[in-house]
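Per my numbering, the very first residue in the sequence shown carries number 2; after that it's consecutive.
Yeah, the Cβ is synthetic: ideal placement off N, Cα and C, and Gly gets one too.
Since the structure is predicted, the reported quantities are computational estimates derived from the model, not experimental observations.
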Amino acid sequence: TQHDIATQMAYINQQRLDGASHAALHEIEQKVAFDRKVLRTNAGEVVFTEDQLVQVYNNSLDTTLSTTRKLLPQWSAPRRIVQR
């Protein structure tokens, strides 16, 4: 019947949403674990001197789940250190 079809479609849509939510949470958990491991191994402050070329990382794209972030550059163009 129509009611059974509507119920099954709602169930399918909820399963899809639950799966997407679980995948997003898993991605965030994996990133946190990786970042924790990296921070433990590379402890210390990086000091830049004048005239060095550096790139700036845009970490605001890390927390979004938008697919457009895949197309945006995460690193800036090279910049020169002019003063400390």
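Inset, instruction - Compare the beta carbon distance of S77 and V57 with 8 angstroms and say whether it is the shorter of the two. - result: Yes, these two residues count as a Cβ contact at 8 angstroms.
Inset, instruction - Could you pull out every residue in the same chain whose Cβ sits closer than 6 angstroms to the Cβ of N59, ignoring the five residues on either side in sequence? - result: Around N59: Q75.
Legend entry - For R17 and R107, the rounded distance between their alpha carbons: Residue 107 cannot be examined here, being either before or after the span of the chain that is shown, 2 to 85.
Legend entry - Beta-bridge pairing of R80 - partner residues as DSSP gives them: Beta bridge pairing from DSSP links R80 with V55.
Inset, instruction - Could you tell me the boundaries of the alpha helix (DSSP H) in which V33 lies? - result: Counting along the chain, the alpha helix (DSSP H) containing V33 begins and ends at 3-42.
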